[in-house]
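Report on the structure given below.
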Amino acid sequence: MSDSTLFMQRGARHISLPQIGQKGQQLISDATVLIVGMGGLGCAAASYLNSSGIGRMIIADFDSIDASNLSRQILFGPDDIGKSKIMIAKKRLNEINPINNIEALSLKINQQELEALQLNNKVIILDCSDNFNTRFEINKYCVRYGHYLVSGSAIRFEGHYSVFGNDYKLQPCYECLYKAEDESLEDCQGSGVLGPIPGVIGAMMATETIKIICNIHRKNTHLNIFEGISNEWRQINIKKNNTCSICN
Ligand SMILES: [Zn+2]
């Protein structure tokens, strides 16, 4: 099957949606996303964005694959243990959708690394990292350049996600919600996480990203909380913090 036929057929169920249509699928195909972190969230979000036909995906992680990752990092298998996450992720994603342009960056994200990427102003950044330091670096960059930031986290049976941006003069940023001093960082290693929870949140992050691309997203900034034991979703309105040094 030719690439153009495959492109049309892959997008057929999107094109059937009146909110997306042919125009939206073309926007998806023209879009660029940067996914920071190829853990449980990143594997899920990247899988859905890749299969949805995102034209250019940049994936960043500096870690290698550990056996304890396999319960939730669904792009990896036992033969991949010890190998680079981004190299294996790129290979798997390419097998599933050979048309997409996937760039793999083996690095720990900071301002200089982000600047060096010279991303265009339409890029959407998905924060699938697992530490506040990286999260603050990404947020600062998104505020400076007015990029949308789709942020997620998962621990135990609970998951969170939010969409920030892209008018930070009026809208809150990630640091309006969290401060550096909040960092008593709980991680999956110390606290545990049920494998599918990052999958739920990663899929929601991919959904929000596609909605932004197709301009059908809601403009309010919320913290969306999924509680896996009770199977409840809660939504908390995030207000702009007028003392936030990043977005004011
Ligand atoms: Zn702020």
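Residue numbering for the sequence shown follows my numbering, beginning at 67 and increasing consecutively. Where a beta carbon is used, it is the ideal one built from N, C-alpha and C, also for glycine. Remember, predicted model here, so these are calculated numbers, not experimental data.
- For D69 and N290, the gap between their C-alpha atoms comes out near 37 Å.
- Between ligand 1 and the CB of P238, the shortest heavy atom gap is smaller than 7 Å.
- When the five nearest sequence neighbours on each side are left out, the beta carbons in the same chain lying within less than 7 Å of the beta carbon of I120 are those of I94, A97, V99 and N166, in order along the chain.
- For E224, the enclosing beta strand (DSSP E) covers residues E224 to F230.
- L159 is not a Cβ neighbour of T275, given a cutoff of 8 Å.
- With a threshold of 7 Å, the Cβ atom of E241 counts as near ligand 1, since some heavy atom of the ligand is closer than that.
- The segment 138-147 makes no contact with the segment 183-192: fewer than 3 CB pairs, one atom from each, lie closer than 8 Å.
- Remark: C-beta atoms of I101 and I125 approach each other more closely than 8 Å.
- Out of M104, G225 and K306, the CA that lies nearest to the CA of I152 is found in M104.
- Taking a contact to require three or more Cβ pairs closer than 8 Å, the segment 223-241 and the segment 179-186 do not qualify as touching.
- Assignment of beta-bridge partners to V99 by DSSP yields M123 and I190.
- The DSSP-derived three-state label of Y207 is helix.
- K157 and Q301 have their C-alpha atoms roughly 36 Å apart.
- In the DSSP assignment, Y240 falls within the alpha helix (DSSP H) that extends over Y240 to L243.
- Relative to ligand 1, I312 has its C-beta within less than 7 Å of a heavy atom.
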